[in-house]
Amino acid sequence: MDFKIQTTAIDELAGVGVDALVVVLGGDALPKGLDGRIARHAEAAIKLGDFALKAGQALTLTQAEGVKAPRLVLAASGALTLAAARAAFAAALAQIKPRGVSSAAVAFVGFDAALTEALAEQTALAASEAVYLYRHTKPSAPAAPKLAKLALLVGKADAKAAKAGLARGEAIAAGIELARECANRPANYATPSYLGDVVLGLGKRHGLKVEVLDRKAIEKLGMGSFLAVAQGSEEPPRFIVARYDGAAKSVAPVVLVGKGITFDTGGISLKPGAEMDEMKFDMGGAAGVIGTLRAVAELKPKLNLVMIVAACENMPSGRAVKPGDVVTSMSGQTIEILNTDAEGRLILCDALTYAERFKPAVVVDVATLTGACVIALGGVRSGMYASDDELAASLSAAGEAALDPCWRLPLDDEYAEGLKSNFADVANIAGRAGGSITAAKFLQRFASKYRWGHLDIAGTAWKGGAAKGATGRPVGLLTHFVLSHAK
Ligand code: BES
Ligand code: MN
Ligand code: ZN
C-alpha cells in the first residue's frame, strides 16, 4: 500500500478528495475545531441514535452534504489511548474494506499531540493488516482488497512526528507481513530450507551477511541437542544466521534467536490428532525474528543486529530420538530427553550457545514454546522472561509502545528443581506445574554468558478457529526493542 502524510487542518477535512474519508473521533465529546461540515453530520447521526461516541461505533455516510469524499466514515475511540484509536480505525477499515475503495484518508481528532508518532505507526499497521490476504496455496481466494492509497491527515505542527511514525509503521508492517506469510504457509511449503531461502533473499535485498548451515555444518558445531530433534525427519535441518551491521564493529550486537520448528508432531511422544495442523505455526519464533530483521533492515538504524534461526521438523520415525535418550549439547551439558515433544528448548539451547560468539549486548530468544503459556496468558500477552529488571522493563516498554504486549514471569531457582536427572546434567521437562517457567529455566542454563531475555509466544503467534492464521507477533515488540539500542 502507498502511504503518505498530508497536512490538513482539522477544520478543512471535508475538502479532502478521496474515495473514503475516515475521521476517528477521540473522547466522549466532539473535538473542538472539527470541520463544521463533519461535526454537523456526526451530531445528526448521534441524535438519530445511529452513532455514539463510544468505542466500537463506526458509521459510513454516503454523499454527505458538504463533504467532498463520497464516503465519510465516522469511528469513535471512546478512550483517548493509542490502543482505542487503533481499534476505532480498524473498525472503520472493516466498513470500507468490502467496498470498492481504492484511496482513503484518515484523521485522528481529539488526541494528544504526543500520540501523533505512535498513531501514524499504528495507521500503517492497521491498514496493512486489513489488506493482508493469504493466497499462496489458495489462489482462488478473492483478490486482495483494492485499498491502494492511504493518506494520514495531520496538522502542520505534527507532520514531522507523523512522518517518523509512518516510516516505522511501514517497516514493521512489512516485517509482520513476511512473518505471517512464512508462518501461514503449510509445513510442506515452509520447510527449514525455505526459511533459509527467505533469509538469503532478505540478505540480497538489503545487503546483509547471511549463512545457512546444513546438517553437516551443524554436526561440525557439535549441536547434539538440535540434531537430536532433527534426526527423526527426512526434511533436512537448517541453522540460519544473518547480520545487519548498522554501527561500528566495536558495538556489541543485539542477538535475536527464533524457534523454527516447521512442524511439531511431538515426535515419539506423539501429540494427539486434534488441531495438530496448527503445529505448522511452531516456527512462529523464527517468523518473528525474520520479520524483525526485515523491519530493521528497512529502517537502517545505527546498531548491530544478529538473527539466528534453528529450523527443523519434529517427527517420529525409526531414526527419531526416544524418551530417555541422552544427548550432548553444544555447551557440553548432557540432556536427558524425557519427552520428545519438549523439542523447542532442545533446538534453542544450542542456538543460545552459538550466540556467545557474537559477544552480544543482549540475546532475546522467541519461541512458541509451551502450551502452559497459553493457559497462563491466553492470546493477549506473550510470556516474557529476563535475566535483569532493566531488560524486563525495556521489553515491557517495547511491547506497550508497539501494542504488542508481554508480561513478565519469574525465574526463581526453585522452578528448576524438577529438571534434575539421574542420567544427565539436566532433563528436558519438569512436572506439569509452571510449564512455561520450567521451560525458561531450562533455557537459562544455556544463556549464562550474557544478558538474556525470552519470549514465550505460544499464545500470541497465531489464532485458531474461524480466523485461523498467523498474527505476525512479536515483530512489533521486537522491532521497538531493537530500535531502542540505536545510537
Ligand atoms: N510447540 C509446542 C508448544 C505449543 C503447544 C504451542 C500448543 C502452542 C500450542 C511445544 O513444542 C510443546 O509441545 N510443548 C509441550 C511441552 C511439554 C511436553 C513439557 C507442551 O507445552 O505441552
Ligand atoms: Mn513440542
Ligand atoms: Zn514445539
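Our numbering numbers the first residue of the sequence shown as 21 and each following residue consecutively.
In this text, a Cβ means the ideal position worked out from N, Cα and C, and glycines have one as well.
Opposing strand residues paired with residue i [DSSP bridges]
i    : result
F259 : L233, A330
K169 : D22, S123
F283 : E333
M404 : R428, L475
F128 : V44
D265 : N324
L94  : V43, L79
T27  : V174
D385 : V277, H474
A490 : W482
Sub-8 Å separation of residue i and residue j beta-carbons
i    : j    : result
V277 : A375 : yes
I355 : N442 : no
G485 : V382 : no
A125 : Q26  : yes
A203 : K24  : no
S504 : A418 : yes
G384 : L325 : Correcting the residue identity first, residue 384 is Val in this sequence and not Gly. Contact: no.
V215 : A262 : With the sequence shown as reference, residue 215 is identified as Leu, and Val is not the correct amino acid for it. Contact: no.
V151 : L167 : yes
G287 : V341 : yes
G438 : G455 : no
L73  : A105 : no
S351 : F466 : yes
V44  : F128 : yes
A34  : G175 : no
L389 : A490 : no
L358 : G344 : yes
F501 : D370 : no
V329 : L475 : no
F71  : A59  : no
I281 : V495 : no
K320 : G266 : yes
A75  : A108 : yes
A406 : L497 : no
Assigned exposure category for residue i - 16 Cβ within 10 Å defines buried
i    : result
H156 : exposed
Q77  : buried
K229 : exposed
I295 : Rather than Ile, the amino acid found at residue 295 in this sequence is Glu. Label assigned to E295: exposed.
S416 : buried
E190 : buried
E201 : buried
K322 : exposed
K279 : buried
D55  : buried
K300 : buried
A49  : exposed
D409 : exposed
G46  : buried
K461 : buried
E137 : buried
G311 : buried
E318 : buried
S253 : buried
R493 : buried
D433 : exposed
R377 : exposed
L153 : exposed
G308 : buried
Across the region 392-402 and the region 365-379, are there enough close Cβ pairs to call them in contact, namely three or more that are closer than 8 Å?
no
Three CB pairs or more closer than 8 Å across the region 180-198 and the region 251-260:
no
Under 8 Å, with one C-beta from each stretch per pair, do the region 203-214 and the region 37-50 reach the 3-pair mark?
no
Could you check whether the region 75-89 touches the region 400-413, counting it as contact only if at least three pairs of C-beta atoms, one from each stretch, sit closer than 8 Å?
no
Under 8 Å, with one C-beta from each stretch per pair, do the region 324-341 and the region 417-429 reach the 3-pair mark?
no
Touch check for the region 304-313 and the region 474-481: three-plus C-beta pairs under 8 Å?
yes
At which residue ranges does the region 45-70 contain complete alpha helix (DSSP H) runs of 4 or more residues, listed in the order of the chain?
56-68
Starting from the N-terminal side, write out each stretch of the alpha helix (DSSP H) that is 4 residues or longer and does not extend beyond the region 301-367.
304-319
Contact between the region 92-101 and the region 141-150: three or more CB pairs below 8 Å?
no
Which ranges does the beta strand (DSSP E) cover as unbroken runs of at least 3 residues, wholly within the region 434-488, from first to last along the chain?
472-476
Go through the region 144-224 residue by residue and report every complete run of the beta strand (DSSP E) that reaches 3 residues or more, in order.
169-174
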